[in-house]
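Beneath this line is the structure, given in structure tokens, with notes to follow.
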Amino acid sequence: MIILKDKLGKTISGESISFIETPNKEGIIVPEYIIIHFTAGRGAENSINWFKDPTAKASAHIIIDSDGRITQMVEFNKKAWHAGRSRWADRSGFNDFSIGIELENPGRLTKVNERYYAWFEKEYSKDVVVEAKHKHEDETSYWHSFTEKQLETCFQVCKLLMETYNIKNILGHDDIAPFRKNDPGPAFPMDNFRAKLSGREDDTADMYKVNAEYANVRNGAGTEFEAIAELKKDTQVEFIKSKLGWFYVYVLFKPGKDGEPIYGWINSDLLKKI
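In the numbering used here, each number is its position in the sequence shown, counted from 1, plus 22.
See below:
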């Protein structure tokens, strides 16, 4: 597989990759991140047709079907409309600098009398169901699994993108819009996926909890900076980076007053690794 003029060439087996252009795209971008999504729909063809519709105001760079087939809809150096309102760490507006990959998958399922249904009422067999807790939720729920072929194709595409562009990280839609989106969800092995791409055995995020009665989240690494949130004891946070004894973190399970995720700095002495 190769990339020529910001489009995927043939697959490893020599098959051509379809390019079906969407009108839902904008100007030039410099890709820095890859964002993984699931389609939450009835199938890849439905998603392709939806992204072709100018009234949809949505698109992605590529769609990977459950059998591993790839359809590209936006050149990798063009802006697709996949991220929406988004923020992670100190970056926002991820459409401007990320590549969106949609995996065909109905997403969350509902269990009714030992049977499993998607939101569009299609029933799925138990052998494709994953029972797991989403990292931004308190209780377990049911999710449709991804196929091995789909995951392997996604890995090969991401590997090629990382070799071609200056990709800093691979994130889920639920990382950049955690209280608005839940894809790709817990059925996607994000930690192992990142670790495999980076050549490391383990890439699990470092998790901490507040080890004091309360801790202030500040907009800078120091007590002279404004407190933007107060966390109670045992509140969980995800480590992102450190500076001068302070950790820049993402606060789990606790949106800000505006409904958006809370990011900020906490004195590392007030945190205990989980």
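Note that CB positions come from ideal geometry on N, CA and C, so glycine has one too.
- In the three-state reduction of the DSSP assignment, residue 229 falls in the strand class, which pools E and B.
- Contact between the region 205-214 and the region 255-266 is not established, with fewer than three Cβ pairs separated by less than 8 Å.
- The beta carbon of residue 204 sits closer than 6 Å to those of 156 and 196, all from its chain and outside the five residues before and after it, given in chain order.
- Beta-bridge pairing by DSSP links residue 194 to 58.
- The beta carbons of residue 274 and residue 232 sit no closer together than 9 Å.
- Just so you know, the alpha carbons of residue 69 and residue 218 end up roughly 28 Å apart.
- Counted as a single uninterrupted DSSP element, the alpha helix (DSSP H) harbouring residue 218 occupies residues 212-220.
- By the criterion of at least three beta-carbon pairs nearer than 8 Å, the region 105-113 is not in contact with the region 124-136.
- As the crow flies, the alpha-carbon of residue 247 is around 19 Å from that of residue 279.
- Judged by DSSP in its simplified three-state form, residue 145 adopts strand.
- When only Cα atoms are considered, residue 119 and residue 127 end up about 25 Å apart.
- The C-alpha of residue 188 lies about 14 Å from the C-alpha of residue 25.
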